[in-house]
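Below is one structure; the comments refer to it alone.
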Amino acid sequence: MGSKLNIEELKHLIADYITGQSDEQEKALVENALKESAELREFYNEMKKTLEFVSTVKPGDPPEQYWNTLLPRIHQRIDAEQAKKFSWDKISAVWKVLVPVAAVILIVLIYYLVKPSNTQITKDEQKNEKINKDTSKHEDENRKEEKAPEKKQEEKIVKEDNRHQENPLKKFRKRDQVKEENIAKEENKINEMNTQKEPKNEDVAVMDIEETSVFSMGEGAGLDEETESELKSLSDNDKDALLEELQNSNLN
Amino acid sequence: MTGNTRNINNDSELVRQFKNGDIKGYNEIVRKYQQQVYRVIRKMVLDHDEADDITQEVFIKVYSALKDFREESNLFTWLYRIATNYSLNHIRKIKIKSTVSMEIVTEQIETQDKPGDELLDEETRRRILEEAIETLPAQQRAVFNMRYYDQLPYAEIADILGKSVGGIKANYFHAVKKIGEYVKQKMEH
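Residue numbers (the working numbering), protein chains in the order written: chain A, 11 to 262; chain B, 34 to 222.
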C-alpha cells in the first residue's frame, strides 16, 4: 500500500486503527495522515466516540446454564426430526404396496382403453348388420324391380277385376283367359323349340311304331280294358284319324 | 480469529470421528463452537429466543451436512457461513416485524431516557446500539459483527459472504459511520 491514499481511502482505515486491527503499514499511514489533516482528525474523533459507545455495550449473553442445555436440546430436535422422517418411511412402506397396485390398475385401464370395448364390438356388429341390411335391401329392391312387371300385370288384372267387379263371372273368365294365354305362350315356345329340332323321317317312323304299339300293346300302353276294346273295334281309317288327332294334340 | 481457540487439526479429527459414526465428534464440535455461533446469530437478530432457535437450527444443519463436509475451508468458517446465512434469512423474513418492534423500542427510549451519554444505563445503551444495528442493511450488519466483534480478517469475511475484500472493507466503513450517526442523533435529542 503506497502513501498516495486520498482522504476517503484513509477514512476507511480509521476504524481498524482505533480497534487495533490495522497492520503496521496501515498504522503508519493513518498516524502520518492524522498529523497532516484536520478533516481526518475530526473524522477520527467521531469514529472513536462511536466505537467507544459500542464497546461499552456488552454482548447480550445468555446465563451460563444455557450452554449446558443447548446440546441436549439440539439432540432432542434431531431425534424428533428423525422420528418424523421414520414416520415418512412408514408412509413410504404403505406406498410400496400402493404403487404396484396402482400400476396394475393403470395397466388394466390402459388395456381396456386400447382394446376395442364390447360397446365398440357391438357398434361394429351393428355397422355390419346395417351393411347387410342395406345389401339385402338392395337385393330386395332388385328382386322387386325384377318382379315389378309381373306384379304390374297382376295389379293390372286386379284393376281390371275391380273394374268388372260387378260381374264376377267375367273376372274368372278373364283370369282363365290370361292363364290360357300364358299356357299358349309356353306351348308356342316349346313348339318353336321342337320346330328347331325338326324330327327326321326316321324319327317319325319310330314315333309311328310307338304310336302303333299303343293299339297293339293294350294294357301295356296304360289303357283300360274298355278303351282297349274300343280301340280294337275301330276300323283302320278311324285308327289313322285318331292317331293323327293324337299327334296333333301332342304337337300343340 | 483473535480470541477464539480454534484448532483446525483438532477440527479435522472431530469431523473424521463423526464421519466414522462416533457422535462424540459432533458433540465436541457443538460444545466448542456453540458460544461463537450463538453470538454471531444474536448480534444479527438481537433477540435471545430467536438466536437460540437459529443456533439449534444451525447445529441440526451441521449434523445432517457434516458427513458431506470436504474441509475445503476450515470448520469454523463453514459454521460461521451457515450461521450468518441463517441469520440473514431470518432478518429478511421478519423485516416488517423488526421495523414495528424497533419503533416501539424507540418510543420507549424517547419517553424514558434523558439525553446525555454518561447518564444512559447499560440496557439503554444496548437498545440504542441494537436500533442502530437494525438500521443497517443485512450484509453491512453481518460485516460489522464479523469485523468488530469477531475480528475476522477481511479475506475471511469476503469468503463467508461470497464478496470481494474491497466491498467488505467499504461495508464495514459505512456500517461504523451509520451507527455513529444514529448514536449521535440519539444523544443530541
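The C-beta atom is built at its ideal place from N, Cα and C for all residues, glycine as well.
Cβ-Cβ separation, residue j to residue i (assumed contact under 8 Å), whole Å
i	j	result
Thr168 (chain B)	Lys211 (chain B)	6 Å
Lys94 (chain B)	Ile115 (chain B)	6 Å
Gln173 (chain B)	Asn122 (chain B)	So it is not a contact: roughly 16 Å between Cβ atoms.
Pro69 (chain A)	Arg72 (chain B)	6 Å
Ile88 (chain A)	Tyr187 (chain B)	That belief does not hold up - the Cβ atoms of Ile88 (chain A) and Tyr187 (chain B) are roughly 35 Å apart, past 8 Å.
Val67 (chain A)	Glu164 (chain B)	That pair is no contact at about 11 Å.
Gln184 (chain B)	Gln31 (chain A)	6 Å
Under the three-state DSSP convention, the category residue i falls into
i	result
Thr29 (chain A)	helix
Asn78 (chain A)	helix
Ile3 (chain A)	Absent from the model: residue 3 (chain A). The displayed extent of chain A is 11 to 262, so no value can be given.
Thr168 (chain B)	coil
Asp146 (chain B)	Summary for Asp146 (chain B): the model assigns pLDDT 46, below 50, so the residue's position carries little reliability; its value from the coordinates is reported in the next sentence. In this structure, Asp146 (chain B) counts as coil in the three-state DSSP scheme.
Arg234 (chain B)	Absent from the model: residue 234 (chain B). The displayed extent of chain B is 34 to 222, so no value can be given.
Pro186 (chain B)	coil
Asn178 (chain B)	helix
Asp150 (chain A)	helix
Phe51 (chain B)	helix
Pro69 (chain A)	coil
Leu253 (chain A)	helix
Leu153 (chain B)	coil
Gly195 (chain B)	coil
Asn127 (chain B)	Per the sequence presented here, residue 127 (chain B) reads as Ile, with Asn not at that position. Looking at Ile127 (chain B) - three-state DSSP - the assignment turns out to be coil, as it is neither helix nor strand.
Asp89 (chain A)	helix
Asn16 (chain A)	coil
Ser259 (chain A)	helix
His207 (chain B)	helix
Arg103 (chain B)	coil
Lys125 (chain A)	coil
Leu108 (chain A)	helix
Glu56 (chain A)	helix
Leu112 (chain B)	helix
Asp80 (chain B)	coil
Leu162 (chain B)	helix
Leu244 (chain A)	coil
Ser97 (chain B)	helix
Ser239 (chain A)	helix
Ser45 (chain B)	helix
Leu47 (chain A)	The question names Leu, but residue 47 (chain A) is Ser in the sequence shown. The answer is coil: DSSP assigns Ser47 (chain A) none of H, G, I, E or B.
Beta-carbon proximity of residue i to residue j, cut-off 8 Å
i	j	result
Leu81 (chain A)	Arg159 (chain B)	no
Thr110 (chain B)	Asp192 (chain B)	yes
Asp26 (chain A)	Glu36 (chain A)	yes
Phe53 (chain A)	Lys94 (chain A)	no
Leu39 (chain A)	Ile17 (chain A)	no
Gly58 (chain B)	Gln69 (chain B)	no
Val48 (chain B)	Leu112 (chain B)	no
Ile120 (chain A)	Phe92 (chain B)	no
Tyr181 (chain B)	Val64 (chain A)	yes
Arg171 (chain B)	Arg125 (chain B)	Note on residue identity: the sequence assigns Ala, not Arg, to residue 171 (chain B). Yes, the pair counts as a contact, with Cβ atoms nearer than the cut-off.
Pro72 (chain A)	His81 (chain B)	yes
Lys59 (chain A)	Ile28 (chain A)	no
Chain-order list of residues whose beta-carbon lies under 8 Å from that of residue i (same chain, five-residue window excluded)
i	result
Ile87 (chain B)	Ile74, Val78, Ala116, Tyr119, Ser120 and His123
Leu162 (chain B)	Ile212 and Val216
Ser197 (chain B)	Ala191
Leu244 (chain A)	Leu252
Close-in-space but distant-in-sequence residues of the same chain around residue i (CB under 7 Å, 5 per side omitted)
i	result
Lys52 (chain B)	Lys100
Glu90 (chain B)	Tyr119
Ile200 (chain A)	none
Ser47 (chain A)	Ile17
Leu23 (chain A)	Ser32, Glu36, Leu39 and Val40
Contacting residues, own chain, Cβ-Cβ under 6 Å from residue i (five flanking each side not counted)
i	result
Phe177 (chain B)	Ala208
Ile166 (chain B)	Arg174
Gln141 (chain B)	Bear in mind that a pLDDT of 46 at Gln141 (chain B), under 50, signals an unreliable position, so the number given afterwards is only what the model happens to contain. If we look at Gln141 (chain B) and ignore the five residues flanking it on each side, it has no Cβ neighbours.
When you check each C-beta in the segment 29-44 of chain A against every C-beta of chain B, which residues fall closer than 8 Å?
So the close ones are Thr29 and Gln31.
Chain-ordered residues of the segment 101-131 of chain B with a beta carbon less than 8 Å from chain A
Here the close residues number zero.
Anything in the segment 55-80 of chain A with a Cβ closer than 8 Å to a Cβ of chain B? List those residues in chain order, please.
Contacts with chain B (Cβ-Cβ distance below 8 Å) from the segment 55-80 of chain A involve Glu56, Met57, Lys59, Thr60, Leu61, Phe63, Val64, Thr66, Val67, Lys68, Pro69, Gly70, Asp71, Pro72, Tyr76, Trp77 and Leu80, listed in chain order.
Relative to chain A, which residues along the segment 177-209 of chain B have a C-beta separation below 8 Å, given in chain order?
Per Cβ criterion, the list reads Arg180, Tyr181, Tyr182, Gln184, Lys202, Ala203, Tyr205, Phe206 and Val209.
Taking Cβ-Cβ distances below 7 Å as the criterion, which residues of the segment 59-72 of chain B are in contact with chain A?
Within the segment 59-72 of chain B, contact with chain A at the beta-carbon level (separation under 7 Å) is assigned to Asn60, Val63, Arg64, Gln67, Gln68 and Arg72.
Could you please tell me which residues of the segment 104-126 of chain A, in chain order, have their CB closer than 9 Å to any CB of chain B?
Look at the segment 104-126 of chain A: it has no residue with a C-beta under 9 Å from a C-beta of chain B.
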